[in-house]
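> Residue numbers (my numbering): 1 to 221. Note that the Cβ used here is the ideal one computed from N, Cα and C, for glycine as well.
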């Protein structure tokens, strides 16, 4: 209190208030800098990644073996899994064999139905696996076309177009395998089983008329 009184006597009331405000502002800034420094040091110790307003959603994917495919993508493709290729059928109420076999008991699949669905699944997988492996190889090849860019070995536009056309053809063939199988599967099922499948999968319906699907509906003709 005495120090404050002396300052007011020397500098006057207004200047003393100004000095006090500057002091508290400087103290607050110093505290912020100390906290920020501690956080930065902690981040470095814990291996936190640098972020900025421009951080790419692809960050980290540059370390992939094949840039356009995750390890799960590769695993799905080389093992003949759907990889989302059959969404146009699945989300319009036409199930595929893989999930039908998983849900056989829940939807009341008979032994005969299960055998026929298994046969469809085996045929689909037999065709999907080699196409999936080929697609993975082509995507790896696309990567190689660009890894040499820095050393002056950039691909020509014609070579790039040719490679992309082949990727597109294989993707189309693979998608056809999955979608065509989804067209065949409902013919083995009853409308009730298809409705049960879609309900258990959590689909809201989207205007699907299950009475026209399956072995007892128009979809089975």
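By the DSSP assignment, the alpha helix (DSSP H) with residue 139 in it spans what residues?
Unbroken alpha helix (DSSP H) run through residue 139: 111-147.
> Which residue marks the beginning of the alpha helix (DSSP H) containing residue 100, and which one marks its end?
Unbroken alpha helix (DSSP H) run through residue 100: 97-102.
> I need the straight-line Cα distance from residue 113 to residue 128, nearest angstrom please.
Their Cα atoms are separated by approximately 22 Å.
> Can you tell which of 162, 84, 54, 60 has its C-alpha closest to the C-alpha of residue 176?
Nearest of 162, 84, 54, 60 to residue 176, Cα basis: 84.
> Do you know offhand how far residue 76's Cα is from residue 69's?
Those two C-alpha atoms are separated by around 10 Å.
> Tell me where the alpha helix (DSSP H) around residue 174 begins and ends.
Where residue 174 is concerned, the enclosing alpha helix (DSSP H) stretches over 157-184.
> Apply the 10 Å Cβ neighbour rule to residue 98 and answer buried if 16 or more other Cβ atoms are within range, or exposed otherwise.
Result: buried.
> State whether the segment 190-198 contacts the segment 87-96, with contact taken as three or more CB pairs (one from each stretch) at a distance under 8 Å.
At 8 Å Cβ cutoff, the stretches touch.
> For residue 231, does the three-state DSSP call read helix, strand or coil?
This structure gives no information on residue 231, because the portion of the chain shown stretches from 1 to 221.
> Nearest CA to the CA of residue 89: which residue from 184, 200, 190, 56?
Nearest of 184, 200, 190, 56 to residue 89, Cα basis: 184.
> Looking at the secondary structure, which residues open and close the alpha helix (DSSP H) in which residue 89 lies?
Segment 87-90, the alpha helix (DSSP H) holding residue 89.
> Just grab the DSSP bridge partners of residue 69 for me.
Per DSSP, 66.
> Among the residues of its own chain, which have a CB less than 6 Å from the CB of residue 179, if the five just before and after it don't count?
So the qualifying residues of the chain are 86, 89.
> Would you identify the three-state DSSP class for residue 189, choosing helix, strand or coil?
Coil at residue 189, not helix or strand.
> May I ask you to report which of helix, strand or coil DSSP gives residue 106?
Coil at residue 106, not helix or strand.
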